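Colleague:
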Amino acid sequence: MLTRATVVAAPTVLHVTRETKHRRLLFFPRALSHELAAPVDADGGGDDEGGSAALIQALDDCRSPRTLRSLHARLLHRPRLLADPAVQIKLMRALASCGDPHGARRMFDSAPNKNAVFFNVMIRSYVNHGLHGHAFRLFADMSLRHHVRPDNYTFPCVLKACAGSDHLAGGLQLHGAVTKLGLDTNIFVGNTLIALYWRCGRLSDALRMFDEMPNKDVVSWNAMIAGYAQNGQYDRAIELCEKMVALRKPKPDAGTMASILPAMSNTNQTDIHLVRKMFDEMGKKDLVSWNAMIAIYANNSMSAEAVELFSRMEMAGFEPDAVTLASVLPACGDLSALSLGKKIHELTERKRMRPNLVLENALMDMYANCGCLEAAREVFDGMKRKDVVSWTTIISAYGMHGHGMKAISLFEQMRKSGLKPDPIAFVSILAACSHSGLLNKGKYYFKCMTECYHFVPRIEHYACMVDLLGRSGHIDEAYDFILKMSMKPNERVWGALLAACRVYSNMEIGLIAADHLFKLVPEQSGYYVLLSNIYARAGRWEDVMLVRNLMKNKGIKKLPGCSNVELWNKVHTFHIGDRLHPQSKEIYEKLDVLMRRLKELGYVAETDTALHDIEEEDKEGHLLVHSEKLAIAFVLVNTTPKTPIRITMNLRMCGDCHHAAKFISSIVEREIIIKDTNRFHHFEHGVCTCGDYW
DNA sequence: TTAGGGTTAG
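Start counting the first sequence at 1; every next residue gets the next number (UniProt numbering).
Right, here's the structure in full:
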């Protein structure tokens, strides 16, 4: 064990050794012992045998340069111990794992009799630090200059260097050498060759290697699964995973979880269940397997499951790292779980995880999606380094909060900073223009994207443009735009057009859009509701009934609207006319008082929007108890003045609630931030950032 | 000794 004295003593000893010109003596103090001032006991050690064992153990466990310096200093007092090649190798390994491969090399050079283990450890140190050239040179020297034969430990390492530097020719040569030495049946060599072939795009070689391996272990399977997953052959990856689970041998492990991960974005429930089962049955879970499972949930819009697993992980005693947190943060944003998001932010500060680009981008996104635009901006401004993802995140944050011009100014700042926007950055700026009704700016960026940056528009860009044109009332132009598209329009494209047709009561084109949508996504209730709204506005009640019956016959139910509020670390959910909340009485009383005051100020219910609900004959009374209003009243009952009101909805905000929220924000002098499925509405002093345009 | 984990748009 380390004592305070050893830690304090270390720099002095190091200072002495650094000053000596006989650098090689540094590592072999047997010759140096007479020069050292420190007392050395009769056997050349300093402690008893137990002390030596502890010292060696500490060397194995050492991960920080500071601890290593002190251990190294202690070893200099123990010449006999340090003369042991096993200790020298441990010290080399420790130096490399503390980030000093060149220190390990000095140690390596000063060793008089080097066997293969010395070379293997040194080559591995280089490879682990990405110093592939150094690794190749040492490998060549090993046999040519030092006449030490590479063994089954050497080849996996050098092959890894080939894979890491896309050096297929070298890999093929090594494969030949390995076969001559009869090492091609070695499982470690075989597994590394599989990874090398995948890395170099040689699918058939990887497959042959795998098929011909006499003994396959879990790493061989994982390497194949990872290969398929990373090369976009998701079905093959999952198939192989299923096969392994069915065979029960080898048993999937933590590595299997990580290997399958790339194949698990936007996948189906069956596959997610398969992987979850694998995860639950896994003997030994490590941090990577927890991270992979959380990421799988997060990447499949299963935010609640991701957050739940995160808390189970902490209960199981695992400390989350930056990778864990960067996976959970988007889930927090999705659920508007601001208190958890803030806790994670504090954790990153406490554990000094910043600067970390990916983590900071995720933090910024979490704040933006929880409605805290200022907090997101603070993270952005505090970042030492920013990449395209950082800029895209803040641009989209301003965009969805209704600050289109700020989004544009940031987009221009990004370009000036020398960063090239990518296609996703263009989606974010087009969406920002659309949310703020900046038609000409949006058209300019679409042109800029195709003509200056030569990006071929993706379906997402088309959907943004249709939204932009339609929302600003140019329905015919939007429809023409769709007809001229170079690809088949999808649900989002037609959905944007239909929504615009509802706003501008365009029956003719609305019917065309609805027709396409019913073919594309026949089960999606939202589009039936939109169509019935269009009919209702036109007073075509028979057609409204027709749509209602159509839904009934198909068994399609309208998604009930609900509003969520986070208070006291708990999410409170409200539905229309809800009386389930324990504070229901106070909530309705508050609402009553509020609405009376609203009417005094000239509020008139927008019964027009009541037509959104096709299940009920919506009258003013029904509008009064919409979930948004209940949620606002709930926060007013339970919080002190000035506290912002943050609400998240599962549908688009209704027009009457929007109208009422403007009045309420000025009566109660509070900021009201409502996140609907489309954007954020910030109400303050009777005005909304969406400018009533949404 | 070998394989494997994170962030952005709609």
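Heads up, the beta-carbon is just placed ideally off N, CA and C, and yes, glycines get one too. What you are looking at is a predicted structure, and each value in this text was computed from that prediction instead of being measured.
#1: Tell me whether L261 is buried or exposed, calling it buried when 16 or more other Cβ atoms sit within 10 Å of its Cβ.
#2: Going residue by residue through the stretch 189-259, where are the continuous alpha helix (DSSP H) segments of at least 4 residues, counting only ones entirely within it?
#3: Can you tell me the Cα-Cα spacing of N115 and L309, whole angstroms?
#4: Note down the Cα distance separating T20 from R66, rounded to an integer number of angstroms.
#5: Let me know the secondary structure DSSP gives I556 once reduced to three states.
#6: Is it right to say R370 is buried, meaning 16 or more other beta carbons lie within 10 angstroms of its own, or is it exposed?
#7: With distances taken Cα to Cα, identify the nearest neighbour of G201 among V307, M545, M224 and L550.
#8: For T648, report the span of its alpha helix (DSSP H) as first-last.
#9: According to DSSP, is C562 helix, strand or coil?
#10: L75 to H146, Cα distance in whole Å?
#11: First and last residue of the alpha helix (DSSP H) that includes T450?
#12: Less than 8 Å between the beta carbons of F634 and I587, yes or no?
#13: Suppose the cutoff is 8 Å on Cβ atoms and the five residues either side in sequence are ignored; what does the same chain contact list for L325 look like?
#14: According to the neighbour-count rule (16 or more other Cβ atoms, all chains shown, within 10 Å of its Cβ), is E566 buried or exposed?
#15: Should the stretch 204-213 be called in touch with the stretch 235-242, which here means at least 3 C-beta pairs below 8 Å?
#16: When the distance is taken between beta carbons, is M649 closer than 8 Å to D676?
#17: Just how far apart, CA to CA, sit L183 and K243?
#18: Classify E589 as helix, strand or coil using the three-state DSSP reduction.
#19: Quick check: what's the CA-CA separation for R670 versus L357?
#20: Round the Cβ separation of L410 and I394 to the nearest angstrom and send it over; I've been treating them as touching at under 8 Å.
#21: Quick check: the Cα distance between F318 and T256, rounded to an integer number of angstroms?
#22: For A263, does the count of other Cβ atoms within 10 angstroms reach 16, so buried, or fall short, so exposed?
#23: Please report how far the alpha carbon of A298 lies from the alpha carbon of A660, in whole angstroms.
#24: Assuming M364 and G341 make a contact with CB atoms under 8 Å, what is their CB distance in whole Å?
#25: Looking only at its own chain, which residues have a Cβ that is under 6 Å from the Cβ of C690, when we skip the five neighbours before and after it?
#26: For K277 and A254, which I take to be in contact (beta-carbon distance under 8 Å), what is that distance rounded to the nearest angstrom?
#27: Consult DSSP for F663 and reduce its assignment to one of helix, strand or coil.
#28: Report the residue from S143, S125 and L144 whose alpha carbon sits nearest the alpha carbon of A135.
#29: In the DSSP output, which residue or residues are listed as bridge partners for C688?
#30: Please confirm whether R548 and L530 have their CB atoms less than 8 Å apart.
#31: From L68 to A331, what does the alpha carbon distance come to, in whole angstroms?
#32: Per the DSSP calculation, F574 is bridged to which residue(s)?
#33: For residue 742, which residues in the same chain have their Cβ closer than 6 Å to its Cβ, ignoring the five residues on either side in sequence?
#34: Among the candidates F380, T154, A306 and H461, whose CA atom is the shortest distance from the CA of L335?
#35: Using 8 Å for Cβ pairs, my map puts L71 next to S52. What's the rounded Cβ distance?
#36: Quick check: the stretch 510-527 against the stretch 537-545, are at least 3 beta-carbon pairs closer than 8 Å?
Modeller: If we stick to the structure as given:
#1: One-based indexing of the first sequence puts residue 261 at position 261. It counts as buried.
#2: 203-212, 218-230 and 234-247
#3: Within the first sequence, numbered from 1, the residue matching residue 115 stands at position 115. Within the first sequence, numbered from 1, the residue matching residue 309 stands at position 309. N115 and L309: Cα-Cα distance of roughly 47 Å.
#4: Residue mapping note: residue 20 aligns to position 20 of the first sequence, counting from 1. Residue mapping note: residue 66 aligns to position 66 of the first sequence, counting from 1. Per-residue confidence for T20 stands at a pLDDT of 30, beneath the threshold of 50, marking its modelled position as unreliable; no derived number is given.
#5: Within the first sequence, the letter at position 556 stands for residue 556. Coil.
#6: Position 370 of the first sequence, counted from the start, is the residue given in the question as residue 370. Note on residue identity: the sequence assigns Cys, not Arg, to residue 370. Looking at its Cβ environment, which holds 16 or more other Cβ atoms inside 10 Å, C370 is buried.
#7: In the first sequence, the residue the question calls residue 201 occupies position 201. The residue with the shortest Cα to Cα distance from G201 is M224.
#8: The residue labelled residue 648 in the question sits at position 648 within the first sequence. Taken as a continuous stretch (DSSP letters only), T648 belongs to no alpha helix (DSSP H), being part of the beta strand (DSSP E) at I645 to M649.
#9: As a first step, residue 562 is located in the first sequence; it is residue number 562 there, counting from the start. Strand.
#10: Start at 1 with the first residue of the first sequence, and residue 75 comes out as number 75. Start at 1 with the first residue of the first sequence, and residue 146 comes out as number 146. If you take the alpha carbons of L75 and H146, they lie about 28 Å apart.
#11: Taking the first sequence and counting its residues from 1, the one referred to as residue 450 is at position 450. Its alpha helix (DSSP H) spans residues L439 to E451.
#12: Here residue 634 is taken as the residue at index 634 of the first sequence, counted from 1. Here residue 587 is taken as the residue at index 587 of the first sequence, counted from 1. Their beta carbons are under 8 Å apart, which means F634 touches I587 by this criterion.
#13: Here residue 325 refers to the residue found at position 325 when the first sequence is read from its first residue. Hits under 8 Å: I344, L347, T348, M353, L359 and A362.
#14: Here residue 566 corresponds to residue number 566 of the first sequence, with the count starting at 1. So E566 counts as buried.
#15: no
#16: Looking up residue 676 in the first sequence gives position 676. Looking up residue 649 in the first sequence gives position 649. Yes, Cβ-Cβ distance for D676 and M649 is below 8 Å.
#17: Within the first sequence, residue 183 is the residue found at index 183, counting from 1. Within the first sequence, residue 243 is the residue found at index 243, counting from 1. Going from the Cα of L183 to the Cα of K243 covers about 28 Å.
#18: On the first sequence, residue 589 is found 589 positions in, with the first residue counted as 1. Helix at E589.
#19: On the first sequence, residue 670 is found 670 positions in, with the first residue counted as 1. On the first sequence, residue 357 is found 357 positions in, with the first residue counted as 1. Those two C-alpha atoms are separated by around 34 Å.
#20: The sequence position of residue 410 within the first sequence is 410, counting from 1. The sequence position of residue 394 within the first sequence is 394, counting from 1. Between I394 and L410 the Cβ distance is about 6 Å, and since that is below 8 Å, they are a contact.
#21: In the first sequence, residue 318 corresponds to position 318, counting from 1. In the first sequence, residue 256 corresponds to position 256, counting from 1. About 19 Å.
#22: Taking the first residue of the first sequence as position 1, residue 263 is located at position 263. By the neighbour-count rule (16 or more Cβ atoms within 10 Å), A263 is buried.
#23: By one-based count along the first sequence, residue 298 stands at place 298. By one-based count along the first sequence, residue 660 stands at place 660. Their backbone Cα atoms lie some 35 Å apart in a straight line.
#24: Taking the first residue of the first sequence as 1, we reach residue 364 at position 364. Taking the first residue of the first sequence as 1, we reach residue 341 at position 341. The pair is not a contact, with the Cβ atoms about 11 Å apart (cut-off 8 Å).
#25: Position 690 of the first sequence, counting from 1, holds the residue named residue 690. So the list reads G402 and H681, once near-sequence residues are dropped.
#26: Here the question's residue 277 lines up with position 277 in the first sequence. Here the question's residue 254 lines up with position 254 in the first sequence. K277 to A254, Cβ: 15 Å. No contact.
#27: Within the first sequence, the letter at position 663 stands for residue 663. Looking at F663 - three-state DSSP - the assignment turns out to be helix.
#28: Here residue 135 corresponds to residue number 135 of the first sequence, with the count starting at 1. For A135, the nearest C-alpha among the options comes from S125.
#29: For the purposes of this step, residue 688 is identified with residue 688 of the first sequence, where counting begins at 1. According to DSSP, which records beta bridges pairwise, C688 is partnered with F683.
#30: To locate residue 548, count along the first sequence from 1; it is residue 548. To locate residue 530, count along the first sequence from 1; it is residue 530. No, Cβ-Cβ distance for R548 and L530 is not below 8 Å.
#31: Taking the first sequence and counting its residues from 1, one reaches residue 68 at position 68. Taking the first sequence and counting its residues from 1, one reaches residue 331 at position 331. Between L68 and A331, the C-alpha separation is close to 39 Å.
#32: Start at 1 with the first residue of the first sequence, and residue 574 comes out as number 574. In DSSP, F574 forms a bridge with S563.
#33: This structure cannot speak to residue 742, because the chain is shown only from 1 to 694.
#34: Residue numbering aside, residue 335 sits at position 335 when the first sequence is read from its first letter. Closest by alpha carbon: A306.
#35: Sequence index remark: in the first sequence, residue 71 carries index 71 (1-based). Sequence index remark: in the first sequence, residue 52 carries index 52 (1-based). 12 Å between Cβ atoms; not a contact.
#36: no
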